[in-house]
Structure formats: C-alpha cells, structure tokens
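Asks: Sharing a structure with you now.
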C-alpha cells in the first residue's frame, strides 16, 4: 500500500510548500525579473481630474540622458482601447454606455493619474527625470468628483458621448410584488448609507515587462496579474491585435491582488507594444503613489434601502436603490460588480419573499472602480446587516431573534431567492449559535459594565452574512452579460516515475495553491505532496485558464483537477486491468493503489505510469501511451459560503478611537482542505473588513484631486489596530461540485464590516446614535460624543 | 526601527571623486562589494539593481510599509530611505543572508512557516528582518501587545498580522534560548 505518511490529504494543516522561497528572499516577483538589454518606462500622468490637453511638448525631454523614446496617444493610434469584459443592459433593454478607454489619454484627461505620455530610457531614474521635462498644456475643466456632482444638473460630462454620465440604469426583481408587500406592512424601515471607496493596496505594486523576440515573432509579457490567460485574451485580441500563438503572458510570484490585479491595465499594453517598437525589453514598475491613482479602486456606493416587516418581524419585502461609482472608464469587470455580484445577494440569509433593486452606475472623474475583495457582496452584506440592526432597534425586536426568525430554514435548500440566485446548501442557525457561544454574547452586558467602570464604551455587533462565489457557470453569466466563460482548466501529468505535475489556470498570489492543490492530489492519487508540483501563471505552460478571483480557485480550479484525476484513474484502471489480467470493471483505485477487487493483486500508480510511458506490455491497440489528462470544469452554480461574525469593540471617549477587542468568525466555507490556510484567509479577510469599517477611506476633494494617495494619508490596518480573530468553521457541503467546497478567500471581508459597525453603534447606544458611516474614525466618533455633550 | 536619518553614518566617508560617481564599499551578507552609485541612489536600489539581491522589496515610497527592511550594522533600517552613500563601510544583512550557509532557516523564518505568518510573501522579508531586530533588542521577552506595537513600521495586507504576532512570540523563546525548538502551532 502506498500510504501517505504523515497524512497530507484533505483536512490536514500541511505547512506551505511555497514558504521557503518567500522566507529566504527567493520569491520571483515581476520587478525581480530583469531581461538583457532592458529599458525602463515611466508613465507621465495627469495631475488634474478633468482637463483638455492643449499640447504636449517632448523636445526637452527627448534630449535628456538615456532617453530612447517618448510616446503619446498620437504614436499609439493603431492600438485599440482597453475592453470591458461585461455588458449590462438598462431597464429598457438597451445596452450600457461604453465609452472608449484609450491606453494613453486622447485629447482629454479624465482622472488624476490618467496616463498621458510614456518615457522609455536606459534607467528608471532617467525615465523619471525626462518625464518631468515633458511640458503638457492643460485647459483645466470642472470635474465631477463624486456621485452627487456627476448627477447634478449641468454636471460636466466625463465622456462627451455620455452627457448624462449614466453608464446604466438597471434593475432586478419584481417591483409590483414589493409595492404590494409594502402597502400591507406593519413596519417600514428606511436606511441610507454610503459604502466607502477603498484602495486595494496589495503590498506588491503593479509591474510589467514587455519583451519581443524578432526571430520567432513572439511577444512576452511578465505582469503582476491574477489571470494571465485573461490578459492574453484581452490585450491580444482587443488592444494590440496579436494572435494568442504569438503572445505569452507570465504572472510569476504576485504579491497580493485582492481583485486589483484581475484587470487588463494600460501599462501592460504599453510595455508590450514599446518592446516590439524598440526591439528591447521594457519594464515598468509602479510606485505606491502611482498605484493609488492607477490601480482600480473598490466599493463606492450610495444606497437607500427600505425594508417592510409584518407585526411579528417577518420580512415582507426589500426595496434597494443604489448608485455605484464607475470612475472615469469601465474597468474589466466593473459593470457586473454592483449588479450581479451585489443586487443578487440582497436576500442574504433571509427568506424575504419580494425584493426589488435598482442600480444606477455613474461615470465620475476618478480612478476606475472594479472588484475589490468580495466585490459587490460586501456592499450587499453591509447594507442588509446594518438594515436588520436598524429595523430591530426601530421596531423593538431583539437583533439576534429578528435574524433567526427570518433565516432561510435549513431544510429549504435548494432555495430560490427572488433575485435570481438558487442557494444549494447552508445552515445559518448553527453558525449563529456557534458564534454566539464562542463570543460569549450572553455575557456581554457584564463586560460592558466593567468597561464603563474603566471609562470605556463597549459594544457588540453581529452579522449573519452570505455570499456567492466559485465564479461561475458560463451559460448563466453569459446570459447576464459576461463576455467570457468562467470555467477553469486543470491538467494532471503523471510522470513515468509517478511524480505529478499539475497545470492550473488558477493563479496563486498568497492563497497557498501550491500546497492546497498538492493536497488534493495527495488525497486522491496518494502521491506525497513533495512529489507534486503545481504550475500556474504562464500561458506557455498551462493550456488555458480564467484565473483567480471570486473565491473560485478551489471550487472551480480544484474541481477541474479533480475531474482530470478521474480521467487519470479511469485510464490507469484500463492499464492496470491489462497488467493484472483482470476486467476493467473489477479494478478499484484508492489513494495510489489499483487493486483487483477482492484479491491481493495490486499495482501502484508509479507502476502504471511507468507502463504508460514504457508501453512494452500495454493495451496499445485500444489505449494511447502516456498518463496526462486535462479537464475543463464549468460549475453548475455559484457556491454560497455564509456564516456569522461577531465584533466587540471599545471606544475611548477622550480620543474617539475604536479599539477592536474581540472578533469571532464562524464560517461555512464547505469542505476544508487545509484548515491552517483557511484560517489565514479568513483572518486576512477580516483584517481588510475591519480596515474598511474603521480606518480606510479613499478621499477626493471637490475638484477631483486625490488627497489620500499615499500610505501616510490612506490608513491601512497595522498590527496594533487589530485584535485576535477567533476563526471556526461549520461545514455544509456544496452539493454541485465534486469536492463539496465553497470558498474562503472573501468571507472575511464580506461578513466583518457590518459586524464592526453594529458594534460601534451598540457602543454608542446611550448617545442616541442611529448609524455611523464607514470608516468610523476617531474624528467621527469624537465628534459624535462631543456633539452629544455640548 | 532605525530610520535613515538616525543612521550613524558619515556622508563624507563615501569616496566622492572629482567628476566621477561616488563609490561605496560595503559588506552585504558577508561579501564585500565596491559599487558606483549616484548621490540619490537608495540602499534598496543598490541591493536590488546593482547586486541583484531582490529579496528586499519596495512596497511604498513614504517609508510606511517596511517591505525593504534590512539590517545595517546589526540594526534594522528601511532601505528605501537610506542613501547608498550612507552605507560606505557598513555591514548589511538582507533576507538572503539570514539563514545559515547550509540552508538552515533562522528561528524567525522557521516560526513564520510553522505559524502560517505569510501569504503572498511580499512583506515577508521586511517583516522577518524587523521581527529579528525587535526580538534581539528585547531579551526580556515581549508580550503580544508589545509585539503588535513593535510592528508599527511594517504593513501586511494578507494575514491580518495575527499569525505574524504568534510566530514572533514563538521565535523569541528560541532566539533567547528559553526553548530549544519551536512549539508546534495549534492545529
């Protein structure tokens, strides 16, 4: 028996295979790569939110030392605009407005950071110096810096062909049913809120290197991407008109993404194009300030919601009206975030029978907004979970019991919501009960009293959230406007000696795929993880793939591997049957061993793979040699993780600082492959959620100037801002993928912000506070307390 | 954390020759290098671009994130705000030089692995170098809260810090000889 010792399969907290190289400084991130003869690009960006370009004088810059070339949009006339991957339709059925997104600004700049010119020089510093010598004439125009300004009468148009600034006006659900329910409601609760704009801030700034081989005509792009095949498709087919066969995209080690590295960015096209033009490799690496003004931002919704309840607190209907900021251009997935990743989640964990949501997406003179960890679902869970708390308070219900009363019952699955989704499984009562127990919910009032004696205001807040991930069934998303399929691809290559290489279209940028995916192979094929190599992030190595986002890597990518392993086992059984002179139907396989059922005749996987590559004794008439299989897996449904988060905070009245004192997360993420990694993913997600709730805000002034464009101005959570997070899982299996997995990458960021704000509002309960907008900064809290006292 | 401005380096020590680029001679991970630099060249640029030691990362431009932390003469410095010319004669240790020559990881590196204190790995080199210095300077031992405060100069966007704090707490016992090897992290 080829038993794996120690157990490394599904459920083991195996230490990560990738850690050693990261811990010894041997990771290879894009900026760590240097190509022979490499030049450096620097992008000159607009300092204005909205301006007409009256002229660009590059003469002085061209004379600067080391300068090889300077490009403006005039030089790139043959280059296409950056495409959008999702088309939403308006209420009236017409398609959304989709103005051109040029690689370099054409005639006008539309946000601070909009790229205007590119300098390519021998060194990074020379390129930067020369960029400072470029004279750009700007006729500065009034900007629409936020949702209100962009929709005001006479607002400046971001795009001349979209005078209203309205990208789309979309809806979902049954308005008539909602109106009817409201007419009979005992309680109507209105809640208005802003979901704060965030900057993802992966620690590794974006970087890209273009290279061109004149001999083969092959272009190579190294880039900080979560999905190299998607970049190849978008940039090759739409921007640079290069066939896939001549374009290789490599995403090596990537230092965090959180969504911001999904999208095809102008800089990728610029370096690829310039490398061809100059016949030299060209590297561009963002600095942090540049990242703030060029990486896609997240969230930025303004919403009014109204909930109808009967006299006992049963939810009757929900009406939501949301305005979503798209920024100046449509980023790759931007249009689907406030629609199919947001409004479809408005049932949450509740059996609300009627829901109607209207979403207006609006162009503004700001950086494009797209998916950021959770993408639409955090906005939905925040709205719902604050709304339920507000309703409980206004109508006099206990906030926990009001939730419990409205939960979808555990025997109701599959459960069809009124907003398109069908949940396959869940048990919201158990995650709630477990979190209440772990957090010591029942004993909170004593802790509050003890804190009060110390002069602190202590609050506790709960969120019972749900999300949809494992993105996504291609036919479903296609009917909803996606311009791509959302399957995943996995190849299992069993080598002659029985070691395994896995090729996956998913991409790891912190998630630990090299370990988790190896565990899938260890569990199913019985190969020790040391002999399993995970290959990802290179279109020249991996057949195809859609990448990593929407907590899809395991649910979709892992399922593709599982399917490919099924094919390996099926072929292996035929080889084993031949070698053991048995019928195929009699051959069983378990963790590395083929056995003739009911006998002691066995063959190890390595014996089968050797026979497959050295087919001396082999069923060659009916079977090809080799042992390598590829599977495309297209999921049947989204997966639906959910759970309960409970936050406990203390406010220091003298400063208004909100201190996290405790955080409990009980999540149902489906089957857990590596508990250590899952816990780490939840911890990190919760940290980002706490960041959104308490610290982070991307701020534009009225003129559209980005005033929070550095880590000194944009407050990222530091170690001291956070409290230990207690993470537990309570599993119900996903019913439609072979692994039973749901996804854990985003739950932390989705469930936590409303729990934290509910706790802050609870801490302020003696002050008549109904709501505190995110982020609940010391200034905001201090002002509330001070106002109350004066 | 020692910031560049406080580094006890004498700028005049770098050999500035008439009309030529300044030269600095420094030891990095035990190897001596003499390198021509510009006056504005940063230590992190010298390490990454001249010596191709790319384990030291740049995550910001305002000395906030700490991805670039290295040890200079035994103290942690942010290499993104240290001028290369300030490093003449210095002994620099980067993340590449922390493990033993035979590849045995430093207890801090080992603890980060054992406690899953890294995800994407980008902040990790700076985080580990800061943590080693923090622990060295506090032989009395650090509480969890003190470790959190001690990490003020290092940002991590992936982990939420919890496992980093646990790893440092475990590593300090090994580094100070209070424990022979790391306690296994709770499953």
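Protein chains in written order, with this note's numbering: chain A, 37 to 826; chain B, 20 to 206.
Note that beta-carbon positions come from the ideal geometry of N, C-alpha and C, so glycine has one too.
#1: When you compare the CB of residue 111 of chain B with every CB in chain A, is at least one pair closer than 8 Å?
#2: From this set, A/334, A/709 and A/344, which residue's C-alpha is nearest residue 548 of chain A's C-alpha?
#3: At a CB-CB cut-off below 7 Å, which residues of chain B make contact with residue 58 of chain A?
#4: What's the call for residue 123 of chain B, buried or exposed, on a 16-neighbour Cβ count within 10 Å?
#5: Taking contact to mean 3 or more Cβ pairs, one atom from each stretch, closer than 8 Å, check whether the region 254 to 267 of chain A and the region 221 to 232 of chain A are in contact.
#6: Would you say residue 55 of chain B lies against chain A (beta-carbon separation less than 8 Å)?
#7: I'd like the span of the alpha helix (DSSP H) that includes residue 522 of chain A, first residue to last.
#8: Taking Cβ-Cβ distances shorter than 7 Å, what residues in chain B pair up with residue 644 of chain A?
#9: I want to know whether the region 478 to 497 of chain A touches the region 365 to 379 of chain A - three or more CB-CB distances under 8 Å.
#10: Quick check: the region 54 to 73 of chain A against the region 296 to 310 of chain A, are at least 3 beta-carbon pairs closer than 8 Å?
#11: In chain order, what residues of the region 738 to 764 of chain A put their CB closer than 8 Å to some CB of chain B?
#12: If you check the beta carbons only, do residue 401 of chain A and residue 153 of chain A fall under 8 Å apart?
#13: So, is the C-beta of residue 47 of chain B closer than 8 Å to a C-beta in chain A?
#14: Identify the continuous alpha helix (DSSP H) that holds residue 464 of chain A and give its terminal residues.
#15: Taking beta-carbon pairs under 7 Å, can you tell me which members of the region 721 to 738 of chain A lie near chain B?
#16: What in chain B is Cβ-close to residue 719 of chain A, meaning under 8 Å?
#17: For residue 635 of chain A, is the classification buried or exposed, using 16 other Cβ atoms within 10 angstroms of its Cβ as the cut-off for buried?
#18: From residue 73 of chain A to residue 364 of chain A, what distance separates their C-alpha atoms?
#19: Does the distance between the C-beta of residue 118 of chain A and the nearest non-hydrogen atom of the ligand MN fall short of 7 Å?
#20: Start and end of the alpha helix (DSSP H) containing residue 418 of chain A?
#21: Report yes or no: is there a C-beta of chain A within less than 8 Å of the C-beta of residue 81 of chain B?
#22: Out of A/162, A/690 and A/696, point me to the one whose CA is closest to residue 682 of chain A's CA.
#23: Please check if any C-beta of chain A sits within less than 8 Å of the C-beta of residue 22 of chain B.
#24: Which residues mark the beginning and the end of the alpha helix (DSSP H) in which residue 539 of chain A is found?
#25: Measuring alpha carbon to alpha carbon, tell me which of A/416, A/774 and A/87 ends up nearest residue 597 of chain A.
#26: Using CA atoms only, rank isn't needed, just tell me which of B/133, B/87, B/120 and B/143 is closest to residue 50 of chain B.
#27: Find the residues of chain A that neighbour residue 73 of chain B, judging by a C-beta separation of less than 7 Å, and give them in chain order.
#28: For chain B, find out if any of its Cβ atoms is closer than 8 Å to the Cβ of residue 238 of chain A; answer yes or no.
#29: From the DSSP output, in three-state form, read off residue 196 of chain A for me.
#30: Which residues does DSSP list as the beta-bridge partners of residue 630 of chain A?
#31: Determine, for residue 198 of chain B, whether the minimum Cβ-Cβ distance to residues of chain A falls below 8 Å.
#32: Between residue 406 of chain A and chain B, is any beta-carbon pair separated by less than 8 Å?
#33: Determine the chain B residues that contact residue 546 of chain A at a beta-carbon separation under 7 Å, and present them in chain order.
#34: Would you mind telling me which residues of chain B sit closer than 9 Å to residue 713 of chain A, beta carbon to beta carbon, in chain order?
#35: Report back the beta-carbon spacing between residue 345 of chain A and residue 222 of chain A to the nearest angstrom; my notes put them in contact at under 8 Å.
#36: Closest by CA to residue 285 of chain A, which one among A/449, A/255, A/306 and A/343?
Replies: The short version:
#1: So, not an interface residue.
#2: Proximity to residue 548 of chain A across A/334, A/709 and A/344 peaks at A/709, based on C-alpha coordinates.
#3: Within 7 Å Cβ-Cβ: 137, 140 and 143.
#4: It counts as exposed.
#5: A contact between stretches requires three or more CB pairs, one per stretch, nearer than 8 Å, and the region 254 to 267 of chain A fails this requirement with the region 221 to 232 of chain A.
#6: Judged by the 8 Å Cβ criterion, residue 55 of chain B is not in contact with chain A.
#7: Careful: residue 522 of chain A lies outside any alpha helix (DSSP H) and carries neither H nor E.
#8: Chain B residues near residue 644 of chain A: none, gap ~34 Å exceeds 7 Å.
#9: Note that the region 478 to 497 of chain A does not touch the region 365 to 379 of chain A; fewer than 3 beta-carbon pairs, one per stretch, sit closer than 8 Å.
#10: These segments do not touch.
#11: Of all residues in the region 738 to 764 of chain A, those with a C-beta nearer than 8 Å to a C-beta of chain B are 746, 747, 748, 752, 753, 754, 755, 756, 758, 760 and 761, reading in chain order.
#12: Residue 401 of chain A is not a Cβ neighbour of residue 153 of chain A, given a cutoff of 8 Å.
#13: Not a single C-beta of chain A is nearer than 8 Å to the C-beta of residue 47 of chain B.
#14: Membership of residue 464 of chain A in the alpha helix (DSSP H) is indicated by the continuous run 464 to 475.
#15: Those would be 722 and 723, in chain order.
#16: Correct list: 178, 179, 181 and 182.
#17: Result: exposed.
#18: Those two C-alpha atoms are separated by around 36 Å.
#19: No copy of the ligand MN appears in this structure; indeed no ligand is present at all.
#20: 413 to 431 is the span of the alpha helix (DSSP H), which, as asked, contains residue 418 of chain A.
#21: For residue 81 of chain B, the answer is yes, since a Cβ of chain A falls inside 8 Å of its Cβ.
#22: For residue 682 of chain A, the closest of A/162, A/690 and A/696 by C-alpha to C-alpha distance is A/696.
#23: The pLDDT assigned to residue 22 of chain B is 46, lower than 50, so where the model puts this residue is not dependable; a value taken from the coordinates is nonetheless given after this. With 8 Å as the cut-off, residue 22 of chain B does not count as an interface residue toward chain A.
#24: For residue 539 of chain A, there is no enclosing alpha helix (DSSP H); the residue is found in the beta strand (DSSP E) stretching over 536 to 540.
#25: Among A/416, A/774 and A/87, the Cα nearest to that of residue 597 of chain A is on A/774.
#26: With distances taken between Cα atoms, residue 50 of chain B lies closest to B/120.
#27: The contact set of residue 73 of chain B on chain A, defined by CB atoms closer than 7 Å, consists of 68 in chain order.
#28: Interface residue, yes.
#29: Residue state, collapsed to three classes: coil.
#30: Beta-bridge partners of residue 630 of chain A (DSSP): A/625 and A/639.
#31: Not closer than 8 Å to any Cβ of chain A, the Cβ of residue 198 of chain B fails to qualify, so no.
#32: So no, residue 406 of chain A is outside the interface.
#33: What residue 546 of chain A touches in chain B: 138, 139 and 177.
#34: The contact set of residue 713 of chain A on chain B, defined by CB atoms closer than 9 Å, consists of 135 and 138 in chain order.
#35: Between residue 345 of chain A and residue 222 of chain A, the beta carbon gap of about 6 Å places them in contact (Cβ cut-off 8 Å).
#36: Among A/449, A/255, A/306 and A/343, the Cα nearest to that of residue 285 of chain A belongs to A/255.
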